[in-house]
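12 is the number of the first residue of the sequence shown in the numbering used here; add one for each residue after it. Even for Gly, the Cβ is constructed at its ideal location relative to N, Cα and C. For clarity, every value in this text was computed on a predicted model and none was experimentally measured. Scroll down for the structure; my scribbles are underneath it.
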Amino acid sequence: MLFSKDAPSINVGGRLRELRKGRNISMRGLAIKSGLSANALSMIERGKTSPSVSTLYKLAEALGVDITAFFGEPAERLSCVFVKADERARVPFQRGLWEGMGGEKFAGRVLPFMLTLENGGASGPHFMAHTGHEFVLCLRGVLEYQVDGRVYRMEIGDSLIFAARLRHKWRNPGKTVANALILLSDFEETDRNEIHRHAE
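Below, the structure written as structure tokens:
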């Protein structure tokens, strides 16, 4: 297994409610800012549906936080972070799993994630774009990345690196589970809150 089933799962709906209320934003206000319907937001907050990764990016932008805010707020950012495999914070989404690998607690300019996608799983309907660079290493299965109008079919051992300002999204077109290591890097420390910016 490339990830532990025993790792703690984040209650995304509850975390979204915390972030929204902590910023004094009404459900309607967040719906207007994010471009999502109030009904969709209500379903997410009540745990009736799991948001896609691209939807999380939209919500992060609307809330003025970075994507790692959904993994919880660290007490402080550290210069050295060690994470046991069974301690990774996990954010489930439809047909997939997004796992933090310490970047949410790290003081530097790097955010590593482990991506697990069931067959047919995808980042969602929206393109994403953010500051810095994105590196992807396919560890298992097949992963298809669409970057700036080009499609890259990735198999085990294949890697991709690109300027993350380019519009991109991903999906698993294969018949088996896919795993990838995703590394977001080289963004300005003051731009942590900009890393969530998406493009339609």
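Just to confirm before moving on: does the CB-CB distance between asparagine 50 and glycine 132 stay below 8 Å?
The Cβ-Cβ distance between asparagine 50 and glycine 132 does not fall below 8 Å.
Would you give the residue range spanned by the alpha helix (DSSP H) that isoleucine 43 belongs to?
38 to 45 is the extent of the alpha helix (DSSP H) around isoleucine 43.
Which stretch, first to last residue, makes up the beta strand (DSSP E) that contains valine 162?
Looking at the DSSP string, the run of the beta strand (DSSP E) that includes valine 162 is 161 to 165.
Taking just the CA atoms, how far does lysine 186 sit from leucine 194?
Straight-line spacing of the CA atoms in leucine 194 and lysine 186 works out to 25 Å.
Opening and closing residue of the beta strand (DSSP E) in which alanine 191 lies
The continuous beta strand (DSSP E) containing alanine 191 extends over residues 189 to 196.
Under a three-way DSSP split, which group does serine 170 fall into?
Three-state DSSP puts serine 170 in a strand.
Could you have a look at glycine 111 and say whether DSSP puts it in helix, strand or coil?
The DSSP-derived three-state label of glycine 111 is strand.
Exposure label - glutamate 145; buried when at least 16 CB within 10 Å
Burial call: buried.
DSSP beta-bridge partners of glutamine 157
Paired residues: Val162, Lys180.
Is it the case that the stretch 98 to 107 contacts the stretch 35 to 52, given that we only count it when at least three CB pairs across the two stretches are under 8 Å?
They do not touch, by the three-pair rule.
Quick one: using the 10 Å Cβ neighbour count with 16 as the cut-off for buried, is proline 62 buried or exposed?
Label assigned to proline 62: buried.
Isoleucine 21 versus Glu56, Leu52, Val121, Gly83, residue with shortest Cα-Cα distance
In terms of CA proximity to isoleucine 21, Gly83 leads the group Glu56, Leu52, Val121, Gly83.
Have a look at Thr66, Val64, Ala71 and flag the residue whose alpha-carbon is nearest the alpha-carbon of isoleucine 36.
Residue Ala71 is the option with its Cα nearest to isoleucine 36.
CA-to-CA distance, cysteine 149 to arginine 26, given in whole angstroms
Straight through space, the alpha carbons of cysteine 149 and arginine 26 are spaced by roughly 29 Å.
Counting C-beta neighbours from all protein chains within 10 Å, is the total for leucine 154 16 or more, i.e. buried, or is it exposed?
Around the beta carbon of leucine 154, 16 or more other beta carbons lie within 10 angstroms, which makes this residue buried.
Leaving out the 5 sequence neighbours to the left and right, which residues in its chain are closer than 8 Å to methionine 165 when beta-carbon positions are compared?
Excluding sequence neighbours, methionine 165 sits near Val147, Cys149, Val153, Leu154, Glu155, Tyr156, Leu171, Ala191.
Let me check understanding here. Comparing Cα to Cα, which of Ala189, Arg176, Trp181 lies closest to isoleucine 167?
It is Ala189 whose Cα lies nearest to the Cα of isoleucine 167.
Please report the straight-line C-alpha distance between histidine 141 and glycine 135, rounded to a whole angstrom.
Looking at the two C-alpha atoms, the distance is approximately 16 Å.
Could you tell me which residues DSSP pairs with histidine 144 in its beta bridges?
In the DSSP output, where bridge partners are listed per residue, histidine 144 has Ala174, Ser196.
Host beta strand (DSSP E) of threonine 127 (start-end)
Threonine 127 -> beta strand (DSSP E) spans 121 to 128.
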